[in-house]
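Notes follow once the structure below has been shown.
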Amino acid sequence: MCGIVGYAGPAGSISDVSERPLSVVLEGLRRLEYRGYDSAGVAVVAPGASQVSSRKKAGKLSNLVELLAAEPVPVATAAIGHTRWATHGGPTDANAHPHLADDGKLAVIHNGIIENFAALRDEFIAEGVRFLSQTDTEVAAHLLAREYRSSGDLAAAMRATAQLLEGTFTLLAVHSDLPGTVVGARHDSPLVVGLGQGENFLGSDVAAFVSETRVALELGQDQVVTITADEVVVTDFEGRIVTPTTFTVDWDASAAEKGGFRTFMDKEIHDQPQAVAETLLGRTDAAGRLTLDELRIDESVLRAVDKIVVIACGTAAYAGHVAKYAIEHWCRIPVEVELAHEFRYRDPVLSEKTLVVAITQSGETMDTLMAVRHAREQGARVLSIVNTHGSTIPRESDAVLYTHAGPEIAVASTKAFLAQITATYLLGLYLAQVRGTKFPDEIAEVLTELKAMPAKIQRVIDNGERVRVIARWMDSRSVLFLGRHVGFPVAMEGALKLKELAYIHAEGFAAGEIKHGPIALVEPGLPVFVIVPSPRSRDSLHSKVISNIQEIRARGARTLVIAEEGDEDVLPYADEVFWVPQTPTLLAPLVTVVPLQIFACELASARGLDVDQPRNLAKSVTVE
Ligand code: M6R
3 MCGIVGYAGP AGSISDVSER PLSVVLEGLR RLEYRGYDSA GVAVVAPGAS
53 QVSSRKKAGK LSNLVELLAA EPVPVATAAI GHTRWATHGG PTDANAHPHL
103 ADDGKLAVIH NGIIENFAAL RDEFIAEGVR FLSQTDTEVA AHLLAREYRS
153 SGDLAAAMRA TAQLLEGTFT LLAVHSDLPG TVVGARHDSP LVVGLGQGEN
203 FLGSDVAAFV SETRVALELG QDQVVTITAD EVVVTDFEGR IVTPTTFTVD
253 WDASAAEKGG FRTFMDKEIH DQPQAVAETL LGRTDAAGRL TLDELRIDES
303 VLRAVDKIVV IACGTAAYAG HVAKYAIEHW CRIPVEVELA HEFRYRDPVL
353 SEKTLVVAIT QSGETMDTLM AVRHAREQGA RVLSIVNTHG STIPRESDAV
403 LYTHAGPEIA VASTKAFLAQ ITATYLLGLY LAQVRGTKFP DEIAEVLTEL
453 KAMPAKIQRV IDNGERVRVI ARWMDSRSVL FLGRHVGFPV AMEGALKLKE
503 LAYIHAEGFA AGEIKHGPIA LVEPGLPVFV IVPSPRSRDS LHSKVISNIQ
553 EIRARGARTL VIAEEGDEDV LPYADEVFWV PQTPTLLAPL VTVVPLQIFA
603 CELASARGLD VDQPRNLAKS VTVE
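FYI, in the working numbering the residues of the sequence shown are 3 to 626.
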């Protein structure tokens, strides 16, 4: 939540929004806007100026750009920018960042929550300091200014401030005494450094500066960074110099553009065959054995695992539910799936034989991070499945398996979901290989099926027109989704997509559960999506779901059925059928969820809603 950008480098020559520091920061904010879009603001430091110049505006970034056109800021050599997801204080101009110290010489932006802000604010108020916002951030500006007045060193002042704050924070600050400098601090919130030629960058994630440089530094927890045009200095909170790890971003700026699609979500749905293919790439050796090189957990440890607990939130948790079916089936290890924010509060039973699998696109979700820390404190091994390089969760895990979905900009997750499911399949097969619960030829067979999935996903996308037509005409205020086995998490994901994109009441149920209560919701005309398993699935799963369709149809539901090509059994009971290619049962979520994504995206677009930035949401949830 909240996007942060910082820049130090040469000044431009004209004082408008094309001036380099400001334009770099505005471009960074455009790319980070998915992290929050309640307000946006910038502060710049012009050489020789006695104060920083700041502009900020409630609403989307475009409002700030209009303000800057009307009220330009001076030519600068350092700039910071912020796009906000509101926590403390509503989305107003006054609560927008940056926040300035009393003397107007220092500006601060913040991502996170300062938990002890009320006590600190009361102290300042008692000293006569006037607060202009309801945010928790403003105390950081006053603290930093006070510390700077006493030390005359902005990095030292940042370290001192960081020690006084409780909660989570990334802070960036500029001061008019230091025209070419930006200082940042990181504590449980993300911050990465981009290394340029004669200029340097800071960002909540690499998207902030990937159009300028793909060489980046991973900052660790509790570190302070100072950037100027020519130098990056990193220390810990005690002031000891730290040498951070450098990494290269493996995608370029065009991957974070719409590429001719109406919306990022449209594009990301179309990216899915590639996201799955890339996630599968390079995972086997010449003999066809799985080699998950990034895994840093010894095979003997994996052989000893007696329980797996998947922790994740939202869509990533639904990927975890799919993983449960696959891993239990292939490896015969019990798998629990738990929402990360519930995990540590129930005092879970963990041991050194527990493998905790954290699934996260951003690698920054605070609920998941806290669950990871708790698991490790209890002695469990943590393996994270992550899409974003340089993020916090892989750094704090024992092992990591990266998905290669590329940047996901739309707030609602699509291609990251498919890549996460794919990575969990790889993990399951790898565990089966290490533990010998599947023969090598059985594993090879599943891998061959997996490699065929990108083409199948492409077919579902290519055949998406009928689901689009249905979406455009949909006028119901409520939609249900039913599935069994791996179709159950797909049903929940379909409902989540509809809720977050179209603001329509939607529920996903296990199809067998509906007769235990939810069937009371069914009334004539109610649209109900049903994900039908393959007729080749085991234990009459297929016929049970057909019976469930009949039960709801008998009560007037309008049945929208997702079924395998050639499954004639569904025809008598389906008002609409969306066909997906024949696929082994466990791999089916990779195709069955796609019509549901297209449906939600099209319905929201048809209603004129902002598909990429739905109301109240942010891409990266970095508060608990
Ligand atoms: O970055 P993460 O994968 O950890 O994010 C988890 C959830 O916040 C995320 O999947 C969320 O549910 C999406 N908006 C769903 O579309």
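Where a beta carbon is used, it is the ideal one built from N, C-alpha and C, also for glycine. Note that the structure is a prediction, hence the values are computed from the model and not measured.
Check your understanding: Are at least three pairs of beta-carbons, each pair with one atom in the region 92-101 and one in the region 152-167, less than 8 Å apart?
Key -> They do not touch, by the three-pair rule.
Practice item. Give a single yes or no on whether Val-492 has its beta carbon closer than 7 Å to a heavy atom of the ligand M6R. Key: Position 490 of the sequence shown, counting from 1, holds the residue named residue 492. Val-492 Cβ: outside cutoff for every heavy atom of the ligand M6R.
Review point. Just the Cα atoms here: how many angstroms apart are Ala-512 and Val-235?
Key: For this step, residue 512 is matched to residue 510 along the sequence shown. For this step, residue 235 is matched to residue 233 along the sequence shown. Rounded to whole angstroms, the gap between the alpha carbons of Ala-512 and Val-235 is 54 Å.
Practice item. Determine the contact status of Leu-108 and Ala-187, defining contact as a CB-CB distance below 8 Å. Key: Along the sequence shown, one-based indexing puts residue 108 at 106. Along the sequence shown, one-based indexing puts residue 187 at 185. Contact flag unset, no.
Check your understanding: Can Ser-64 be considered in contact with the ligand M6R, in the sense that its beta carbon sits closer than 7 Å to one or more heavy atoms?
Key -> Locating residue 64 in the sequence shown gives position 62, counting from the first residue. No, Cβ of Ser-64 sits at least 7 Å from all heavy atoms of the ligand M6R.
Practice item. Express the C-alpha separation of Pro-409 and Met-267 in angstroms, rounding to a whole number. Key: On the sequence shown, position 265 is the one that residue 267 refers to. On the sequence shown, position 407 is the one that residue 409 refers to. Roughly 12 Å separates the two Cα atoms.
Exercise for review: My understanding is that Glu-21 touches Val-77, with C-beta atoms under 8 Å, so please give their C-beta distance in whole angstroms.
Suggested key: For this step, residue 21 is matched to residue 19 along the sequence shown. For this step, residue 77 is matched to residue 75 along the sequence shown. So it is a contact: roughly 6 Å between Cβ atoms.
Point to revise | N-terminal and C-terminal residue of the beta strand (DSSP E) that Asp-464 is part of | key: As a first step, residue 464 is located in the sequence shown; it is residue number 462 there, counting from the start. Secondary structure note for Asp-464: it is in no beta strand (DSSP E), and the uninterrupted alpha helix (DSSP H) holding it is 455-464.
Point to revise | Heavy atom of the ligand M6R within 7 Å of Leu-304 beta-carbon | key: Within the sequence shown, the letter at position 302 stands for residue 304. The beta carbon of Leu-304 sits no closer than 7 Å to any heavy atom of the ligand M6R.
Review point. Does the region 479-499 come close enough to the region 545-554 that 3 or more CB-CB pairs lie under 8 Å?
Key: The region 545-554 makes contact with the region 479-499; the number of CB pairs closer than 8 Å reaches 3 or more.
Check your understanding: Which first and last residues belong to the beta strand (DSSP E) in which Trp-87 is found?
Key -> Translated into positions along the sequence shown, residue 87 becomes position 85. In the DSSP assignment, Trp-87 falls outside any beta strand (DSSP E) and carries neither an H nor an E.
Practice item. Kindly confirm or deny that the region 438-449 and the region 570-577 touch, where touching means at least three C-beta pairs closer than 8 Å. Key: At 8 Å Cβ cutoff, the stretches do not touch.
Check your understanding: Is any heavy atom of the ligand M6R found at a distance shorter than 7 Å from the C-beta of Gln-599?
Key -> In the sequence shown, counting from the first residue as 1, residue 599 sits at position 597. No - the ligand M6R has no heavy atom lying nearer than 7 Å to the Cβ of Gln-599.
Review point. Val-110 to Lys-62, Cα distance in whole Å?
Key: Mapped onto the sequence shown, residue 110 falls at position 108. Mapped onto the sequence shown, residue 62 falls at position 60. Rounded to the nearest angstrom, the two C-alpha atoms are 20 Å apart.
Point to revise | Ser-364 CB to nearest heavy atom of the ligand M6R below 7 Å | key: Within the sequence shown, the letter at position 362 stands for residue 364. When distances are taken from the beta-carbon of Ser-364 to the heavy atoms of the ligand M6R, the shortest one is below 7 Å.
Check your understanding: Fully enclosed by the region 557-613, which beta strand (DSSP E) runs are 3 residues long or longer?
Key -> Here the runs fully enclosed are 560-566, 578-582.
Point to revise | Nearest-angstrom Cβ-Cβ length linking Gly-83 and Gly-30, presumed shorter than 8 Å | key: Walking along the sequence shown from the start, residue 83 turns up at place 81. Walking along the sequence shown from the start, residue 30 turns up at place 28. A Cβ-Cβ distance of about 6 Å is found for the pair Gly-83 and Gly-30, placing them in contact under the 8 Å criterion.
Exercise for review: To the nearest angstrom, report how far apart His-272 and Glu-495 are at their CA atoms.
Suggested key: Within the sequence shown, residue 272 is the residue found at index 270, counting from 1. Within the sequence shown, residue 495 is the residue found at index 493, counting from 1. Across the structure, His-272 and Glu-495 are spaced so that their CA atoms are roughly 18 Å apart.
Exercise for review: Tell me, please, whether the region 346-355 touches the region 449-456 by the rule of three or more beta-carbon pairs shorter than 8 Å.
Suggested key: Taking a contact to require three or more Cβ pairs closer than 8 Å, the region 346-355 and the region 449-456 do not qualify as touching.
Point to revise | Exposed unless 16 or more other CB atoms sit within 10 angstroms - verdict on Lys-517 | key: If you number the sequence shown from 1, residue 517 lands on position 515. Residue burial annotation: Lys-517 is exposed, with fewer than 16 other C-beta atoms found within 10 angstroms of its C-beta.
Check your understanding: Near Glu-35, what residues of its chain come up, given a Cβ to Cβ distance below 6 Å and the 5 sequence neighbours on each side ignored?
Key -> The residue you call residue 35 lines up with position 33 of the sequence shown. Correct list, in chain order: Leu-63, Thr-85.
Check your understanding: On the three-pair Cβ rule with 8 Å, is the region 406-422 touching the region 243-259?
Key -> In the pairwise beta carbon analysis, the region 406-422 is classified as touching the region 243-259: at least three pairs are separated by under 8 Å.
Practice item. Check the C-beta distance from Thr-405 over to Gly-365 and give it rounded, since I have them as a contact under 8 Å. Key: The sequence position of residue 405 within the sequence shown is 403, counting from 1. The sequence position of residue 365 within the sequence shown is 363, counting from 1. For Thr-405 against Gly-365, the beta-carbon gap comes to about 10 Å, at or over 8 Å, which does not count as contact.
Point to revise | When Glu-340, Asp-300, Ala-289, Leu-283 are compared against Ile-310, the one with the closest alpha-carbon | key: Residue mapping note: residue 310 aligns to position 308 of the sequence shown, counting from 1. Residue Glu-340 is the option with its Cα nearest to Ile-310.
Point to revise | Ranges of the alpha helix (DSSP H) found wholly within the region 303-369, counting only runs of at least 4 | key: Counting only runs of at least 4 residues, the region 303-369 fully encloses the following alpha helix (DSSP H) elements, listed from N- to C-terminal order: 316-333, 342-345.
Exercise for review: Evaluate Gly-519 with the Cβ neighbour count: other Cβ atoms within 10 Å of its Cβ, from every protein chain shown; 16 or more gives buried, anything less gives exposed.
Suggested key: One-based indexing of the sequence shown puts residue 519 at position 517. Taking every protein chain shown into account, the CB of Gly-519 has fewer than 16 other CB atoms within 10 angstroms, so this residue is exposed.
**Study point:** Neighbourhood of Asp-18 by C-beta distance below 7 Å, restricted to the same chain and skipping five residues each side
**Key:** Taking the first residue of the sequence shown as 1, we reach residue 18 at position 16. Note that Asp-18 scores 41 on pLDDT, short of 50, meaning its location in the model is unreliable; the coordinates nonetheless yield the value given after this. Sequence-distant Cβ neighbours of Asp-18 in its own chain, meaning closer than 7 Å and more than five residues away, are Pro-74.
Practice item. Go ahead and pull the three-state DSSP assignment for Asp-238. Key: Working through the sequence shown from its first residue, we reach residue 238 at position 236. Strand.
Practice item. Assign Asn-202 to buried or exposed, taking buried as 16 or more other Cβ atoms, counted over all protein chains shown, within 10 Å of its Cβ. Key: Residue mapping note: residue 202 aligns to position 200 of the sequence shown, counting from 1. Buried is the call here.
Point to revise | Local Cβ density within 10 Å of Gly-466, reported as buried at 16 or more and exposed below that | key: As a working mapping, residue 466 is identified with position 464 in the sequence shown. With 16 or more other Cβ atoms within 10 Å, it is buried.
Check your understanding: How is Val-217 classed by DSSP in three states: helix, strand or coil?
Key -> Walking along the sequence shown from the start, residue 217 turns up at place 215. Of the three classes helix, strand and coil, the one that applies to Val-217 here is strand, per DSSP.
Check your understanding: Can Thr-370 be considered in contact with the ligand M6R, in the sense that its beta carbon sits closer than 7 Å to one or more heavy atoms?
Key -> For the purposes of this step, residue 370 is taken as the residue at position 368 of the sequence shown. Under cutoff, so the answer is yes.
**Study point:** DSSP three-state assignment for Arg-375, whether helix, strand or coil
**Key:** Here residue 375 corresponds to residue number 373 of the sequence shown, with the count starting at 1. In the structure shown, Arg-375 sits in a helix (DSSP, three-state: H, G or I).
Check your understanding: Beta-carbon separation of Val-131 and Asp-104 under 8 Å?
Key -> As a position in the sequence shown, residue 131 is number 129, starting the count at 1. As a position in the sequence shown, residue 104 is number 102, starting the count at 1. For Val-131 and Asp-104, yes; Cβs fall inside 8 Å.
Practice item. Give, in chain order, every unbroken run of the alpha helix (DSSP H) that is at least 4 residues long and sits entirely within the region 123-158. Key: Here the runs fully enclosed are 140-153.
**Study point:** Bridge-paired residues (DSSP) for Glu-29
**Key:** Taking the sequence shown and counting its residues from 1, the one referred to as residue 29 is at position 27. Beta-bridge annotation (DSSP): Glu-29 is not paired with any residue.
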